[in-house]
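Report on the following structure.
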Ligand SMILES: [Zn+2]
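Residue numbers (my numbering): 187 to 420.
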C-alpha cells in the first residue's frame, strides 16, 4: 500500500542547508529534528543540500551564535509613550482632574486622589521610558499612597524622565466624560499640567469629549483619559 506520506520530499537524515543559508531554509534549519518517517523515504538528497556534520558538531557550531548581552539598549533620539486610565465616578468624592478640583455631584473613588488625567500622563511617560506602569511603581495597596495627591506621581515620572536623559517633546491628552462640561476648566487644567511637567504650554495639548451617553462613560458613572507623549533625548 502506498504511503500517505509519499508526496513529502525525502530528506536524508544528515542533510542541512549549505553554510550561510541555513537560517533561510526551512528544511535545512529543521533537519536535525525531523521525525523519523520523513527521514526514511529515500536517501536521494535534495538539490542544494550537502551531507551534514553530526548533530553534536551542529550544536557546537550554534555556540557561536550571538548571545543575549547585558549591554543597555541604544539611547534613542525619540521615545513615544501611551497612557490610559479610567475611574468610577461615585457621589461623595471630589472630582480632581489635572490637579484641579472640578465642581461636580460626584468624583473618583480611588486609592489616591483618583486624578485620571495625571495617572495616564504618568503612564505615558513611564511607557515611553520602557518602565513598569504606575500601578507597579506606586502600588494601590501601599498605605503610603492612600489619598496621595497625584502630583507626587507626576513629579517622580518627570524625575525619571530627566534621569534617563530625556525631556518632553510634546504631549497630547484626551479626557472622556459625559459631565460636567470641561470647557470652562480646560485652560486651568492645562496650565497646571504644564507647571507639573515643567513644560512650555505650546508642548501640552488637552482635549475633552463626551461618550455620547453610551456605556458608563456616557452615563456619568466613569471618567477616562488617553495620553500620548513624545520624549526627546537631551
Ligand atoms: Zn488612575
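Every residue, glycine too, gets a C-beta built ideally from N, C-alpha and C.
Under the three-state DSSP convention, the category residue i falls into
i: residue 407; result: coil
i: residue 386; result: coil
i: residue 286; result: strand
i: residue 396; result: coil
i: residue 326; result: coil
i: residue 376; result: helix
i: residue 273; result: strand
i: residue 218; result: Since pLDDT at residue 218 reaches only 37, below the 50 mark, its modelled position is unreliable, and the value read off the structure follows with that caveat. Of the three classes helix, strand and coil, the one that applies to residue 218 here is helix, per DSSP.
i: residue 293; result: strand
i: residue 267; result: strand
Buried or exposed (CB count within 10 angstroms, at least 16 for buried), residue i
i: residue 188; result: For residue 188, the predicted structure reports a pLDDT of 38, less than 50, and the residue's modelled location is therefore unreliable. A value from the coordinates is still provided. Answer is exposed; the Cβ neighbour count stays below 16.
i: residue 339; result: buried
i: residue 328; result: exposed
i: residue 293; result: buried
i: residue 324; result: buried
i: residue 417; result: buried
Start and end residues, alpha helix (DSSP H) containing residue i
i: residue 313; result: 302 to 314
i: residue 359; result: Not the alpha helix (DSSP H): residue 359 falls in the beta strand (DSSP E), residues 352 to 362.
i: residue 343; result: 337 to 349
Inter-residue spacing [alpha-carbon to alpha-carbon] between residue i and residue j
i: residue 316; j: residue 393; result: 25 Å
i: residue 402; j: residue 419; result: 39 Å
i: residue 386; j: residue 369; result: 21 Å
i: residue 330; j: residue 383; result: 23 Å
i: residue 400; j: residue 261; result: 43 Å
i: residue 407; j: residue 350; result: 38 Å
i: residue 347; j: residue 303; result: 18 Å
i: residue 333; j: residue 371; result: 23 Å
i: residue 379; j: residue 281; result: 16 Å
Check: residue i C-beta below 7 Å from any heavy atom of ligand 1
i: residue 271; result: yes
i: residue 338; result: no
i: residue 290; result: no
i: residue 307; result: no
i: residue 296; result: yes
Contact test: residue i Cβ vs ligand 2 heavy atom, cutoff 7 Å
i: residue 302; result: For ligand 2, the structure offers nothing, since it holds only ligand 1.
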